[in-house]
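Working notes for the structure below.
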Amino acid sequence: MFNLDDRLITEQRAREIYKRLQKMQSGNGVLGVQVRAWWSGSLRWARNRVSLASDRRDMEIRITRHNEIGFGAILTNQTDDESLTSAIRAAERLMLGGNSGPQLTHDGIKWIPPLLPFPETPIWSETTYNVTAKQRAALAQPLTVGAEEQGLLSAGFLQMYVLEQQAYGASVSLRRDLAKQPVPDSSSYGDGANRDAREEGYTRYTEAQCSMTVRHPQGLGSGWAGLSSYDWSAIDAEVLATRALDKCVKSLNPVAIEPGRYTVILEPQAVAQLVEPLVSALQSRVIHEDLRRQGVFSLGVDQAIGIRRTKLGLQVIDKRISISHDPMDPELGVLPKLGLTPITWIDHGTLTTLGYDRGRSVDDYSLAQLNDNLPALSRRSFRMTGGTTKIDEMVATTERGLLVTRFSNIAGIPGGGLSLLHTGLTRDGLWLIEGGVITRAVKNMRFTDSPLFLLNQVDLLGVPVPVFRPGKYDLRPAVVPPVKADDFAFTATIDAV
Amino acid sequence: MKHPLHTFTRRAFVRDGIRLSGMLGAASFIPQTTWILTPEISESTLSIQDPSVKALIHKAIDAARSAGAMYADIRLTYTRQRVQRNRSLGIIDGEYLHAGVRALVNGYWGFAASSVWTAEEMVRLGQEAVHQAKVNDFGKIRDLSLPPVPKVIDGHWETPVKIDGFSVHPLEVTDYLMALNEQMRLELSKFEKYGASTGDYRVTSAVHFITQEKAFGSTEGSYCTQRLHRSEGQAECSGAGRGASVGDLLTLVGKGWELMTETPIIDTVRQRIEEGIKLAELPVKPVDVGRYDTVFDSRGVANFLSGTIGAATEIDRALGYEANATGTSYLTDPATMLDTFSIGIPQLTISANRSEPGGVASTGWDDEGVKPDDVVLIENGLLRDFQTSREGAGWLEGAYARAGRPFKSHGFAFAEFGTDAPMVHTGNLVMQPGSESLSQSDLEAGITTGMSVTGASPQVDFQCLGGMAMGMGCFEIKEGKRVARIANAGILFRTPELWKGILAIGGDSCSRRYGMGGLLTGRTILKGEPEQHGYHSVTAVPMVVKDVTFIDAERR
Numbered sequence: 000m001f002n003l004d005d006r007l008i009t010e011q012r013a014r015e016i017y018k019r020l021q022k023m024q025s026g027n028g029v030l031g032v033q034v035r036a037w038w039s040g041s042l043r044w045a046r047n048r049v050s051l052a053s054d055r056r057d058m059e060i061r062i063t064r065h066n067e068i069g070f071g072a073i074l075t076n077q078t079d080d081e082s083l084t085s086a087i088r089a090a091e092r093l094m095l096g097g098n099s100g101p102q103l104t105h106d107g108i109k110w111i112p113p114l115l116p117f118p119e120t121p122i123w124s125e126t127t128y129n130v131t132a133k134q135r136a137a138l139a140q141p142l143t144v145g146a147e148e149q150g151l152l153s154a155g156f157l158q159m160y161v162l163e164q165q166a167y168g169a170s171v172s173l174r175r176d177l178a179k180q181p182v183p184d185s186s187s188y189g190d191g192a193n194r195d196a197r198e199e200g201y202t203r204y205t206e207a208q209c210s211m212t213v214r215h216p217q218g219l220g221s222g223w224a225g226l227s228s229y230d231w232s233a234i235d236a237e238v239l240a241t242r243a244l245d246k247c248v249k250s251l252n253p254v255a256i257e258p259g260r261y262t263v264i265l266e267p268q269a270v271a272q273l274v275e276p277l278v279s280a281l282q283s284r285v286i287h288e289d290l291r292r293q294g295v296f297s298l299g300v301d302q303a304i305g306i307r308r309t310k311l312g313l314q315v316i317d318k319r320i321s322i323s324h325d326p327m328d329p330e331l332g333v334l335p336k337l338g339l340t341p342i343t344w345i346d347h348g349t350l351t352t353l354g355y356d357r358g359r360s361v362d363d364y365s366l367a368q369l370n371d372n373l374p375a376l377s378r379r380s381f382r383m384t385g386g387t388t389k390i391d392e393m394v395a396t397t398e399r400g401l402l403v404t405r406f407s408n409i410a411g412i413p414g415g416g417l418s419l420l421h422t423g424l425t426r427d428g429l430w431l432i433e434g435g436v437i438t439r440a441v442k443n444m445r446f447t448d449s450p451l452f453l454l455n456q457v458d459l460l461g462v463p464v465p466v467f468r469p470g471k472y473d474l475r476p477a478v479v480p481p482v483k484a485d486d487f488a489f490t491a492t493i494d495a496v
Numbered sequence: 000m001k002h003p004l005h006t007f008t009r010r011a012f013v014r015d016g017i018r019l020s021g022m023l024g025a026a027s028f029i030p031q032t033t034w035i036l037t038p039e040i041s042e043s044t045l046s047i048q049d050p051s052v053k054a055l056i057h058k059a060i061d062a063a064r065s066a067g068a069m070y071a072d073i074r075l076t077y078t079r080q081r082v083q084r085n086r087s088l089g090i091i092d093g094e095y096l097h098a099g100v101r102a103l104v105n106g107y108w109g110f111a112a113s114s115v116w117t118a119e120e121m122v123r124l125g126q127e128a129v130h131q132a133k134v135n136d137f138g139k140i141r142d143l144s145l146p147p148v149p150k151v152i153d154g155h156w157e158t159p160v161k162i163d164g165f166s167v168h169p170l171e172v173t174d175y176l177m178a179l180n181e182q183m184r185l186e187l188s189k190f191e192k193y194g195a196s197t198g199d200y201r202v203t204s205a206v207h208f209i210t211q212e213k214a215f216g217s218t219e220g221s222y223c224t225q226r227l228h229r230s231e232g233q234a235e236c237s238g239a240g241r242g243a244s245v246g247d248l249l250t251l252v253g254k255g256w257e258l259m260t261e262t263p264i265i266d267t268v269r270q271r272i273e274e275g276i277k278l279a280e281l282p283v284k285p286v287d288v289g290r291y292d293t294v295f296d297s298r299g300v301a302n303f304l305s306g307t308i309g310a311a312t313e314i315d316r317a318l319g320y321e322a323n324a325t326g327t328s329y330l331t332d333p334a335t336m337l338d339t340f341s342i343g344i345p346q347l348t349i350s351a352n353r354s355e356p357g358g359v360a361s362t363g364w365d366d367e368g369v370k371p372d373d374v375v376l377i378e379n380g381l382l383r384d385f386q387t388s389r390e391g392a393g394w395l396e397g398a399y400a401r402a403g404r405p406f407k408s409h410g411f412a413f414a415e416f417g418t419d420a421p422m423v424h425t426g427n428l429v430m431q432p433g434s435e436s437l438s439q440s441d442l443e444a445g446i447t448t449g450m451s452v453t454g455a456s457p458q459v460d461f462q463c464l465g466g467m468a469m470g471m472g473c474f475e476i477k478e479g480k481r482v483a484r485i486a487n488a489g490i491l492f493r494t495p496e497l498w499k500g501i502l503a504i505g506g507d508s509c510s511r512r513y514g515m516g517g518l519l520t521g522r523t524i525l526k527g528e529p530e531q532h533g534y535h536s537v538t539a540v541p542m543v544v545k546d547v548t549f550i551d552a553e554r555r
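Those protein sequence lines, which keep their order, are chains R and F. In terms of numbering that gives the first Met the number 0, the first sequence opens at residue 0 and continues consecutively. In terms of numbering that gives the first Met the number 0, the second sequence opens at residue 0 and continues consecutively.
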């Protein structure tokens, strides 16, 4: 089915590593093995010339052993018998030393939500996988021509990336059967009929990314464009090059304007960057229910069950907006067989789901048992619904406002957690809109605002599009609309270009 | 085709390599322990100084040369790291082998890397690196000038550590951390009268060891090996509003286990709990937005230095090579700015090195086989030089010639693993103390109306031109004394004004070193695409800066 070559370790070989480790284990307790391998073919350029082209590959094997008294985990990237034996013995010594692992409490193994069956989504693009070094070089050549002709400097990166991973044994679903039960002897977990039930399916995915920045040689202007997708054929690098160049030219000679509240038109990239902290905050219900602290979606304490009530069922953002994730959505593609179900976090403005981060903290699971409908997740992929307004039309309806390309250096404000207050900078293209037209380039500014405030002040929404969201060990694509919103708070002008 | 990852047997290679080179039982083959030492398990792994490693290096170099490389170099790395926190023996406990070959053809660089250390893989990597370079040569000239490098012949260097972290039994480390936790709990309990009760105490301590063996070889005939050590620690306690952290004394450092045993952790905890109680008695006030003469402690100054001047003087950033990644530099025209551009007040002198004992970035040779220079970056307020690699020095060749300076790399190329291609990373930065012996409290005493910020942590923008900082603590100063704690203070700064607005610099006695980029106590330093991690030390003194802008960080 796939064109296999030595860049992949394949399912068979990953399983073989597990089987060899099974034979190597000694003593009681259970074994867990995660195998992860990646390949990357990438190319960087700067000052209109390719500065480095790379072919890189690596792997990681995580071996865990645990029994009633302890837990041991060892990492290695070597697969020979002696390295693996050495590693599994080390994990066993940690286990026998009574080590309490980060995922276990002292009284034993906690219940973990079951993995739900899920059909495989092929987040695999033969195109991405098969782009050769020569093709990458040929692709990159035309991207710098426009910038060079205009005396500007282009710098960029394109990468084809492949990750394979598979987990076996106790690190996956064994623990779900062990709620407050003694850990069985490893011999009872042989290669029997229930083996598949204990495996997290072999998955592999491709990821392609391309991004570039065109700058004026003296730093008088800068423009950026980028896109990532599992499928290289979904990325038109030349369109990105034209956009980055255009933004650079139009950003030259910016004027400083007074900080303050502005109507903003955020391009999808900027929206995705700002909404990401909100999506993160949705991931862990336990934070919002915790008695000792408060989360963004916390309400008062429910004395009957001894946790905080949350804003589930309440409207939290503009009614036109839903934020969801569907692993079957090809534009959101997430690792298959990870037991993910479709989730609607926010449905037409109403908070409908708060998630549990599987494998993150034992405390999560004690609370998780209260809820039958477990999202069991850690996922940063999301789709945000939009509207039909084009960015041009948003500009035309704006008496005075700012058009934002993207943000940089976004950071949470300590103590601003209850409102998700963040600060950050605009970067690579900021323009003033006056009387329905873009009138001039503006010097970058610092904002201090919250995605929750933004999404409660929405005026117009555009058509959602995929944005630049590269990830190394996890895919986290997002499909996001451009947004026109009122009263976005810029707190300072900055000089950086 | 068999998968190279799968056919590789490192320990088998060790045996074969030994046999082939007739070195069985030779002295250079040093038995080492991996993982935990127990009587029945004492595994031998390869010493980086073994001739068979050199044979591998030569395989790759020869393959690259035969394939048409005008220059090529290779790095083999064997990395071990372990994190222990409280009772947990090995939160992270791993070992990795990596190999990476870099080749130059007509000005274009190619790079190939994997986790396999076999002769066949060395040949493949050598050829692949050349292929990666060649395919990008479409006839457009890419100018590149590599300065000459003295050839290193079989050099070896080791980070001088007293006790290698991996030689200490993990259970002994656990005992130490648990004892530390007990003592911190005890210190907190001494303040029971202030309201803490035993059950509320939270204590945590941790340690992180990294040891890397590295071999480097190039087509120019250099060959060297190194054994590099880094360690960092953490110790914190809190209970009923009292607490102390000594993380700043345990930041990343080029030391071993002695980092934990030689640092007066408990004395510092005790002292800081007491200080904290005194400071807690001060009234809390909201920020009165405005400009204040401000004292920054050495930790804050170190953070500012790393984020502004450290990053800005990386030559590749200044020339736009990182424009699409972390960003550029406000030093936009390095060749012209050299020796003329004013960075700060005339009393400001900052140097970079990779040689100081205990420095995180200290090394015998950089990842291009260059013995690093101690280089003055800022002298009497003027920009004097940049942190360079070989190619980076080439970009300054004309400027160096005009200034009558030697054309050479300062040796700041760094690649964390064999799978990373070397690039310029900040070295150990050192700020020259003021000539007067002023302490932090002397500096505060000199303020009539102003602020004092401890542990300022700046978010620096993509041109190193400014940013916003928040402190661990912020105090209002009146007539030389701390009179109030300020809540939610945000500091807006522009880099030029920060360094040009210095009113006073602390003396030698308050000079402190901090490690940057650590996992436990530092902030990750990322650079490049794909991202690489950077690590360095910064030695800084407190300073007073005039008219620093304070805002309410939480105000929209």
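Glycine included, every Cβ here is placed at the ideal spot set by N, Cα and C. What you are looking at is a predicted structure, and each value in this text was computed from that prediction instead of being measured.
Distance from the Cα of R/Val466 is smallest, within the candidate group R/Ser418, R/Leu313, R/Asp494, R/Ala271, for R/Ala271. Interface residue (Cβ-Cβ distance to chain F less than 8 Å): R/Phe406 is not classified as such. Under the 10 Å beta carbon count, F/Glu321 is surrounded by 16 or more other beta carbons and is classified as buried. Within 8 Å of the CB of R/Met211, the CB atoms of chain F belong to Asn323, in sequence order along the chain. Your pair R/Leu424 and R/Ile493 checks out as a contact, with CB atoms roughly 6 Å apart and the cut at 8 Å. Around R/Met159, the same chain offers Gly40, Thr127, Val130, Ala207 as residues with beta carbons nearer than 6 Å, after the five sequence neighbours per side are excluded. Between R/Ser279 and R/Arg379, the C-beta spacing is below 8 Å. Within 8 Å of the CB of F/Ala420, the CB atoms of chain R belong to Leu51, Ser53, in sequence order along the chain.
A Cβ-Cβ distance of about 18 Å is found for the pair R/Pro329 and R/Gly385, leaving them out of contact under the 8 Å criterion. Judged by beta-carbon spacing, F/His57 lies within the 8 Å limit of F/Gly216, meaning their Cβ atoms are closer than that value. Among the CB atoms of chain F, none fall inside 8 Å of the CB of R/Arg468. With the rule of 3 Cβ pairs closer than 8 Å, the stretch 204–211 of chain F counts as touching the stretch 74–86 of chain F. Going by beta carbons, R/Met94 and R/Gly155 fall outside the 8 Å limit. Contact annotation, R/Leu459 with R/Tyr261: C-beta distance approximately 15 Å; criterion of less than 8 Å not satisfied.
Taking 8 Å as the cut-off, the beta carbon of R/Leu244 is found closer than this to the beta carbon of R/Gly222. Residue contact with chain R for F/Asp199: absent (no Cβ-Cβ distance below 8 Å to any residue of chain R).
Between F/Lys499 and F/Gly343, the CB-CB gap stays under 8 Å.
Taking CB atoms only, R/Asn76 has a neighbour in chain F less than 8 Å away. As DSSP reads the structure, R/Met211 sits in a beta bridge with R/Gly155, R/Ala224. Residues of the stretch 495–521 of chain F that bring their beta carbon within less than 8 Å of a beta carbon in chain R are absent altogether. Here F/Ala420 is near F/Gly99, since their CB atoms are less than 8 Å apart. Take F/Asp372, set aside five residues on each side of it, and the residues of its chain with a beta-carbon closer than 7 Å to its own are His409, Gly410, in chain order. If you look at F/Trp156, you'll find it isn't in any alpha helix (DSSP H); it sits in the beta strand (DSSP E) that goes 154–157.
Separation of the CB atoms of R/Ile390 and R/Ile345 is rounded to 23 Å, and the pair is thereby denied contact status at 8 Å.
Proximity of chain F to R/Pro413 at the Cβ level (cut-off 7 Å) is accounted for by Met469, in chain order.
With contacts defined by Cβ atoms closer than 8 Å, R/Ser323 and R/His347 do not form a contacting pair. Interface annotation, R/Thr202: not in contact with chain F, CB-CB separation never under 8 Å.
Residues of chain F whose Cβ lies closer than 9 Å to the Cβ of R/Ser227 do not exist; the shortest such Cβ separation is about 12 Å.
Among the CB atoms of chain F, none fall inside 8 Å of the CB of R/Arg319.
Within chain R, not a single residue places a beta-carbon under 9 Å from that of F/Tyr175; the smallest gap is close to 15 Å. Bounds of any beta strand (DSSP E) do not take in F/Asn180; it lies within the alpha helix (DSSP H) bounded by 169–188.
When C-alpha distances from F/Ala234 are compared across F/Ser221, F/Met259, F/Pro333, F/Val482, the shortest belongs to F/Met259. Excluding sequence positions up to five before and after R/Met393, its CB lies within less than 6 Å of the CB of Ile264, Leu459, Lys483, all in the same chain and listed in chain order.
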